[in-house]
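To start, the structure under review is shown below, and the notes come after it.
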């Protein structure tokens, strides 16, 4: 039996920290909790996903967030914040944040965000390329990006592989999502899965018809 996945939580609010811990435990995840007082940690940041508060002060202020985003392991990072700031959210996504979530938490949203962030680690993503009818609607670069999103790669890793900026990946991804009528990786996976199942049904029906004629 494989070891449970682990998320690192760096929260300034004790009540929020406890809520996130309970949520993670209900999902069968191990937790590693750090506070402003214990940051920077004596060991490098690790785990399979990081939840970090934008308000985490610590000795280096908000640098804690960028330390997480700069992790060489390309660990998915979900940034938590107290106030709505669209510009901050957009900028953090541009530099590699997997998601931006406001308090008070909608636990369903947090759960979905964690599941999406961990999907590539679990290996439970759809192991399929973008179906050709969808690929025909997009540019070659958009197809390359969506295929990597399907397999669970982070935006930072995609940018590194394609030798472009994180901002470029986000821009092309947003364009492709708009063309395909999806709003998230989850929507994209469902669309790919539905298309694949439809194609398989058509193939089976064609085989059956051919056998009946013979």
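Residue numbers (the numbering used here): 268 to 481.
Every residue, glycine too, gets a C-beta built ideally from N, C-alpha and C.
Please read these numbers as outputs of a predicted model, since none were measured by experiment.
On the DSSP bridge list, what partners appear for residue 300? 276
Thinking just about the alpha-carbon of each residue, which of 354, 360 and 435 is nearest to the one in residue 336? 360
Within its chain, find whatever has a CB closer than 6 Å to the CB of residue 316; leave out the 5 residues flanking it on each side and keep chain order. 274, 343, 384 and 385
Three-state class that DSSP yields for residue 268 in the structure shown: Low confidence applies here, because residue 268 scores a pLDDT of 45, under 50, leaving its location unreliable; read the following figure in that light. In the structure shown, residue 268 sits in coil (DSSP, three-state: anything other than H, G, I, E or B).
Quick check: residue 433 and residue 377, are their CB atoms within less than 8 Å of each other? no
Using CA coordinates, which residue listed in 366, 430, 371 and 300 is at the minimum distance from residue 380? 366
What number of angstroms, rounded off, separates the C-alpha of residue 345 from the C-alpha of residue 318? 5 Å
With distances taken from CA atoms, which of 459, 423 and 321 is nearest residue 369? 321
To the nearest whole angstrom, what separates the beta carbons of residue 492 and residue 355, a pair I think is in contact under 8 Å? The requested residue 492 does not occur in the structure, where the chain is confined to residues 268 to 481.
Straight-line CA distance for residue 357 to residue 437? 10 Å
Can you give the Cα-Cα distance for residue 314 and residue 288, rounded to whole angstroms? 14 Å
Is it right to say residue 455 is buried, meaning 16 or more other beta carbons lie within 10 angstroms of its own, or is it exposed? buried
My assumption, with CB atoms under 8 Å, is that residue 397 sits in contact with residue 417. Please give the rounded CB distance. 7 Å
Hey, out of 272, 458 and 401, whose CA is closest to residue 297's CA? 272
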